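Residue numbers (the numbering used here): 86 to 464.
From the three backbone atoms N, C-alpha and C, an ideal C-beta is built for every residue, glycine too.
Just so you know, these numbers come straight off a predicted model, no measurement behind them.
Worksheet: the structure to be examined is printed underneath.
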Amino acid sequence: MTQMRLGMIGYGFMGRAHTNAFKRVPDFFPELKYKPVLQAACGRNQEKVDAFAAQWGYASTETDWRKLLERDDIDAVDICAPNDRHKEIALAAAAHGKMVLCEKPLAMNTADGIEMADAVEKVGVANTVWYNYRRVPAVMLAKQIIESGKLGRIYHYRANFLQDWCISEEVPQGGASNWRLAIDEAGSGVTGDLLAHCIDTALWLNGSISQVSGMSETFVKERVHVETGELTPVGIDDACAFLCRFDNGSLGLFESSRYACGHKALYTFEINGANASIRWDLHDLHRLEFFDKADQGALRGWRTIHVSDHGGDHPYMGRWWVPGLQIGYEHSFVHQAADFMASLEKNEPCSPTFREAVETQKVCEAVLNSAANEAWMKV
Ligand SMILES: NC(=O)c1ccc[n+]([C@@H]2O[C@H](COP(=O)([O-])OP(=O)(O)OC[C@H]3O[C@@H](n4cnc5c(N)ncnc54)[C@H](O)[C@@H]3O)[C@@H](O)[C@H]2O)c1
Numbered sequence: 086m087t088q089m090r091l092g093m094i095g096y097g098f099m100g101r102a103h104t105n106a107f108k109r110v111p112d113f114f115p116e117l118k119y120k121p122v123l124q125a126a127c128g129r130n131q132e133k134v135d136a137f138a139a140q141w142g143y144a145s146t147e148t149d150w151r152k153l154l155e156r157d158d159i160d161a162v163d164i165c166a167p168n169d170r171h172k173e174i175a176l177a178a179a180a181h182g183k184m185v186l187c188e189k190p191l192a193m194n195t196a197d198g199i200e201m202a203d204a205v206e207k208v209g210v211a212n213t214v215w216y217n218y219r220r221v222p223a224v225m226l227a228k229q230i231i232e233s234g235k236l237g238r239i240y241h242y243r244a245n246f247l248q249d250w251c252i253s254e255e256v257p258q259g260g261a262s263n264w265r266l267a268i269d270e271a272g273s274g275v276t277g278d279l280l281a282h283c284i285d286t287a288l289w290l291n292g293s294i295s296q297v298s299g300m301s302e303t304f305v306k307e308r309v310h311v312e313t314g315e316l317t318p319v320g321i322d323d324a325c326a327f328l329c330r331f332d333n334g335s336l337g338l339f340e341s342s343r344y345a346c347g348h349k350a351l352y353t354f355e356i357n358g359a360n361a362s363i364r365w366d367l368h369d370l371h372r373l374e375f376f377d378k379a380d381q382g383a384l385r386g387w388r389t390i391h392v393s394d395h396g397g398d399h400p401y402m403g404r405w406w407v408p409g410l411q412i413g414y415e416h417s418f419v420h421q422a423a424d425f426m427a428s429l430e431k432n433e434p435c436s437p438t439f440r441e442a443v444e445t446q447k448v449c450e451a452v453l454n455s456a457a458n459e460a461w462m463k464v
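As structure tokens, this is what we get:
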């Protein structure tokens with residue numbers, strides 16, 4: 086057994102999701118040579134980080150990520166802090182020779198993302214970015230179906246990521262609770278937060294995007310800033326939609342909003358090929374819908390594949406329960422954590438690497454530039 090002694094930076098939503106994932110790995114992927122060890126949790130508030138460490142089983146705590154990086158007993162750091170902190174921590178981690186796992190979006194902009202990818206590659210440390218939806222079994226099955234050629238030539242790629250939590254003007258911006266609404270902490274609004282997921286999946290399933298035409302809107306122009314208590318201009322995009330062209334000749338249509346009343350986290354995609362179509366919906370994440378043009382007669386129609394079977398043909402499912410019992414959101418992180426440990430053993434990259442995540446960053450940036458300039462942009 087080889088230990089991977091982990092330093093977790095941030096104990097919020099993702100700090101918990103990733104910690105849960107690393108805890109599950111040895112039980113459900115027992116053959117892996119590398120085992121995660123919850124060595125240290127890092128957060129700025131001693132009391133809160135101690136409570137998190139005690140609850141989740143970390144051996145120690147730090148209140149300054151710089152101290153964490155100086156420790157010899159840390160092999161890998163997992164950056165689960167807000168977006169504006171990713172770059173500084175990742176560059177320092179690479180300089181200390183630590184493996185780096187980083188939450189998405191990788192960076193605040195493309196230039197920063199490239200700097201981060203250059204840094205981890207220069208030192209040669211293992212790295213990955215948590216675009217976790219790739220590891221939902223139904224999404225992985227979609228990838229396998231596309232690679233088998235069953236869809237034929239792809240004509241359309243369509244994706245949405247819809248939420249509704251910002252409709253009230255009373256929601257403040259900034260601070261621990263709402264850093265996502267503050268441009269200097271988040272970098273962008275729905276584009277980096279939600280569309281980035283859609284773009285990563287799209288690039289993975291359907292290849293590169295060559296050009297984009299976007300539009301965005303900030304519906305609520307001013308919000309109280311948590312830290313100053315003052316009404317402050319809102320710099321992020323509340324909603325963003327874009328059209329695009331993929332290198333394979335297909336057309337893309339993407340939409341994201343935090344003002345889609347009734348939707349909490351509705352990520353959907355649909356791909357239409359010459360021979361077949363597939364679609365997926367996060368709210369029903371264990372199902373993949375498939376339409377095959379070859380199905381003839383009165384029974385033709387969309388079929389729903391419950392991606393829960395054993396036998397090796399439903400990705401990851403042999404790891405879990407008996408056929409027919411589905412798994413959920415948190416398992417996408419377990420799968421990525423396990424794939425990361427496996428990649429160490431094989432000495433292979435764990436996709437998406439920092440370098441691969443830069444491609445998503447480029448598309449996000451082109452979309453925001455296109456929206457600002459009201460013009461098509463090359464990626
Ligand atoms: N993959 C996904 O589906 C997904 C989902 C949610 C968030 N994210 C990403 O994860 C990251 C964190 O988001 P979240 O929802 O967990 O946020 P959160 O606000 O719930 O947690 C952020 C954590 O970072 C800590 N933190 C902030 N600054 C710090 C610093 N200087 N040193 C140490 N800790 C610090 C905070 O104390 C908090 O514990 C973001 O980049 C976000 O975009 C990804």
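- Message: Let me make sure I understand the geometry here. Which of F439, Y218, R129 has the alpha-carbon closest to that of T195?
- Response: Walking along the sequence shown from the start, residue 195 turns up at place 110. Closest option to T195, Cα to Cα, is F439.
- Compute the distance between the beta-carbons of G337 and A287, then report whether it is under 8 angstroms. Position 252 of the sequence shown, counted from the start, is the residue given in the question as residue 337. Position 202 of the sequence shown, counted from the start, is the residue given in the question as residue 287. Taking 8 angstroms as the Cβ cut-off, G337 and A287 qualify as a contacting pair.
- D163 in three-state terms, based on DSSP: Here the question's residue 163 lines up with position 78 in the sequence shown. If DSSP states are grouped into helix, strand and coil, D163 belongs with the strands.
- Query: Can you tell me where the alpha helix (DSSP H) with W365 in it begins and where it stops?
  - Reply: Stepping through the sequence shown from its first residue, residue 365 is reached at position 280. No alpha helix (DSSP H) contains W365, which is instead part of the beta strand (DSSP E) from 361 to 366.
- K189 beta carbon near ligand 1 (any heavy atom closer than 7 angstroms): Counted from its first residue, the sequence shown places residue 189 at position 104. Yes, Cβ of K189 sits closer than 7 angstroms to a heavy atom of ligand 1.
- Task: Measure the C-alpha to C-alpha separation of K183 and Q88 and round it to an integer number of angstroms.
- Result: For this step, residue 183 is matched to residue 98 along the sequence shown. For this step, residue 88 is matched to residue 3 along the sequence shown. Just so you know, the alpha carbons of K183 and Q88 end up roughly 14 angstroms apart.
- Query: Which class does T276 belong to by DSSP, given the choice of helix, strand or coil?
  - Reply: Here residue 276 corresponds to residue number 191 of the sequence shown, with the count starting at 1. In this structure, T276 counts as helix in the three-state DSSP scheme.
- Query: Can you tell which of P257, E232, Q411 has the C-alpha that lies nearest to the C-alpha of L290?
  - Reply: Counted from its first residue, the sequence shown places residue 290 at position 205. That would be E232, whose Cα lies nearest to the Cα of L290.
- Message: Is W215 close to chain B? Criterion is C-beta to C-beta, closer than 8 angstroms.
- Response: Absence of chain B from the displayed structure is noted, only one protein chain being present.
- Query: Thinking C-alpha only, which one of H171, H391, L176 is nearest A192?
  - Reply: Translated into the one-based positions of the sequence shown, residue 192 becomes position 107. Closest by alpha carbon: H171.
- Just to confirm, does R170 get its C-beta within under 7 angstroms of one of the non-hydrogen atoms of ligand 1? Here residue 170 is taken as the residue at index 85 of the sequence shown, counted from 1. Relative to ligand 1, the beta carbon of R170 is positioned inside 7 angstroms of a heavy atom.
- Is any heavy atom of ligand 1 found at a distance shorter than 7 angstroms from the C-beta of Y344? Counting from 1 along the sequence shown, the entry for residue 344 is found at position 259. No, the Cβ of Y344 stays beyond 7 angstroms of every heavy atom of ligand 1.
- Message: Taking 7 angstroms as the cut-off, is the C-beta of D135 nearer than that to any heavy atom in ligand 1?
- Response: As a working mapping, residue 135 is identified with position 50 in the sequence shown. Residue side-chain check: D135 keeps its Cβ at 7 angstroms or more from all non-hydrogen atoms of ligand 1.
- Per-residue DSSP class, three states only, for Q258: In the sequence shown, counting from the first residue as 1, residue 258 sits at position 173. Strand at Q258.
- Query: Would you say the beta carbon of R129 comes nearer than 7 angstroms to a heavy atom of ligand 3?
  - Reply: Because ligand 3 does not appear in the structure shown, any question about it cannot be addressed here, the ligands present being ligand 1.
- Task: Just mark D323 as buried or exposed, buried being the case when its beta carbon has 16 or more other beta carbons within 10 Å.
- Result: Mapped onto the sequence shown, residue 323 falls at position 238. D323 counts as buried, since at least 16 other C-beta atoms from the protein chains shown sit within 10 angstroms of its C-beta.
- Message: Below 8 angstroms, how does it come out for the region 124 to 135 and the region 92 to 109: are there three or more Cβ pairs, yes or no?
- Response: yes
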